Structure formats: C-alpha cells, structure tokens
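So for the sequence shown, this note's numbering puts the first residue at 5; every next one is plus one.
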Amino acid sequence: MLNPLNVKDNMHFQNLLTYPNSRKFKLILAFLSSAFIYLFLIFFQPFGVNNHQLNENISWELAIGLIWIFPVIFFTITINEFLLRPKLNLNQKNIFLIPWFTYFFISVGTSSFLLYNYLGSFHDFSFSSYVKHVFEISTVFIFPFFGTLFFYNFNKITKDYAETLSVSNNLSELNEIILIKGDYKKDQIALRLNSIIYIETLDNYLGIAFLENDQVKKHLVRSTLSKMEGLFNNELFIQCNRSTIINLTHLESIKKDSPGLILKLKCIENSIKVSKSKTSNVLGLIEKHLNPVSS
C-alpha cells in the first residue's frame, strides 16, 4: 500500500552525520581533501616540511616539490572509497564506521609519509617519525574530511526540505474545489481535487472518476484532456498515457510491465497502463511525492 508523502523531519542533527555513498561525494571528498592538505602544507609549512631551509618563505621549489602530495592523497582516498569501502559493505550510519574512519586517516597519513620520505631520500624513515607524521597529518585531514561531510549532507538536507515544502503545497492545494466545464453550457461539475481518482477519454467525452461519501462515482463531460492540462496545475496529477490522467494520492501499487508500467488505483478494479514515453516522468514524480511499493 502506498502512503502519500510520508514526511520526515530531515533537519534532525543525526542526518548531518550520515556517511554518503554516492560517486559525487567520494570525488568531492578526494579533491577537496587533497587540495586542502597541499595548500595547508604550502602556506603553513608545519611538521618540518621545510626543515631543509632556514628561510620559511614560500618558494616555487617548495610548491612544486609538494605538488605530488595532491595526486597521492587523491589516489589514496579514491582507492579507499571506490574499492575497499564497497567490499566492507558499510552502512551510511554504522558503529563500524569508527574503525573505518580510523583506518582511513591512517592510510592517508601513511601514503603522505612514504611520499615525504621518498622525496627526502628516506632521511626520516623511522617508526617514531611515522607515528608522529600520521598523527599530524590526521589533525589536518580531519578538517576537509568532516567539513566536506557536513557541507554535503547539509546541502542535501536543504534540498530535501525544499522538496518537502513543495510537496506539502501540492497536498494542500488538493483541498481546493475546481469547476470542470464541458463544451455545453450546463455540462459542468464542481469537485475537490483530492476526490478525483482519474480522468480518461471516452470518444468525445471525458470520464471523471471521483469519490463521494466513500463511493466511486463517474461523471461525463464533453471535453478533451488537452483542455484539462491547465486546470490540473498540480504535480500529483500525472498523465500516464494519451487517454488517462491519474491522481497520485489514490495510487495503491506499481507493477513493472515492459516497456512501461501498470498502476493500480485504490477503489478501482481495472489497472492503468503507463506508456513507454511517460514511464520515466511518472516514476520520477512517484519517487518525489510518494513512498512506493512496487511488485
């Protein structure tokens, strides 16, 4: 059964802690973290990255020498995110994320430590230096890592909240009463939008199925679907094929039927077919406004 718009409080703080698994997030995380660490090392020169020079000013030699930190960090993060993480099957909110984050930070510190020693002819290649380097790089990496995490989630929450408001407005509009007029002077009917189940073409007429006192009734008006498009200026009314418009709030189930879909409406015995050309748009609106269960 479909429940229209099961609205949740997306602004809850715990949503900011979600660890996204999208390709977009992973690439943004890799790029911003690599750029942040590189720029941090260039401008602040911490941890002895410039300990071979008495003059601490930024030089082209230093900037070029440290440029390798960017691809190394980027490669390390992408390997972790795209290859290792899927194999571990980590949930976006999971207690096992804590050891994963710990490993993540250690791997970034390890790769940068190996690069640092390679560029310096392994002048500081010892376990104590390794532990110190991993800790220090982690204190830098924590800012772009969690900064990207919170910023990405905040943008997603903001977008979802805006969509929720849009859907809420569509639902509130369903209480409005509209006057459907036919070609003849007395050929008209006034109905609440939320009572309309579907509209279909029947030769030169439109059959309007609606609920009245929990009973399905049908009214015919002489008109066309094209004349109804401006009247139903609401995303919850969607055209499934050349002859049918349905009200999504009365949708009960979805069945995939190549090349389109079959929709079952509440209180209606016959199913409605969605044409191939309309399938993508119908699915998009269903996913946006409802919590569907398909079979």
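Positions of the beta carbon are idealized from the N, C-alpha and C atoms, including for glycine. For clarity, every value in this text was computed on a predicted model and none was experimentally measured.
CA-CA distance, Glu140 and Lys280? Rounded to the nearest whole angstrom, the C-alpha separation of Glu140 and Lys280 is 57 Å.
Output the distance between the C-alpha atoms of Phe86 and Asn274, rounded to the nearest integer angstrom. Cα atoms of Phe86 and Asn274: separation of roughly 46 Å, rounded to the nearest angstrom.
Closest to Gly211 by CA distance: which of Ile250, Phe29, Ile181 and Ala39 is it? Ile250
Verify whether the separation of the beta carbon atoms of Leu195 and Phe214 is less than 7 Å. yes
Do the segment 146-164 and the segment 123-130 touch if we need at least three Cβ pairs shorter than 8 Å? No: the two stretches stay apart, fewer than three of their Cβ pairs being nearer than 8 Å.
Could you round the C-beta distance between Lys259 and Leu265 to whole angstroms and report it? I think they count as a contact, below 8 Å. 7 Å
Beta-carbon spacing of Phe148, Leu45 below 7 Å: Sequence inspection shows Pro at residue 148; the Phe mentioned does not correspond to that position. Leu45 sits away from Pro148, with the two beta carbons spaced by 7 Å or more.
Residue from Lys163, Arg27, Ile242 and Asn198 with nearest C-alpha to Pro90: Arg27
How many Å lie between Tyr107 and Lys160 at the Cα? Between the alpha carbons of Tyr107 and Lys160 lies a gap of roughly 27 Å.
Short Cβ contact (7 Å threshold) for His223 with Ile193: yes
Can you tell me where the beta strand (DSSP E) with His223 in it begins and where it stops? Gln219 to Val225
Under the three-state reduction of DSSP, which class applies to Arg302: helix, strand or coil? Since the displayed the chain opens at 5 and closes at 299, residue 302 lies outside it and no answer follows.
Classify Gln219: buried if its beta carbon has 16 or more other beta carbons within 10 angstroms, exposed otherwise. exposed
Specify, as a first and last residue, the run of the beta strand (DSSP E) that Lys190 falls within. No beta strand (DSSP E) contains Lys190, which DSSP labels as neither H nor E.
Excluding the 5 residues flanking Ile201 on each side, which residues of the same chain have their C-beta closer than 8 Å to its C-beta? Ala213, Phe214, Leu215, Val220, Ile250, Asn251, His254, Leu269, Lys270, Cys271 and Ile272
Cutoff 7 Å; reference Tyr188; Cβ partners in own chain excluding five residues on either side: Arg226
Lys136 versus Phe105 - alpha carbon distance: Distance between the alpha carbons of Lys136 and Phe105: 18 Å.
If contacts are defined as beta-carbon pairs under 8 Å, then Ser115 and Val76 qualify, I think. What distance do you get, rounded to the angstrom? 5 Å
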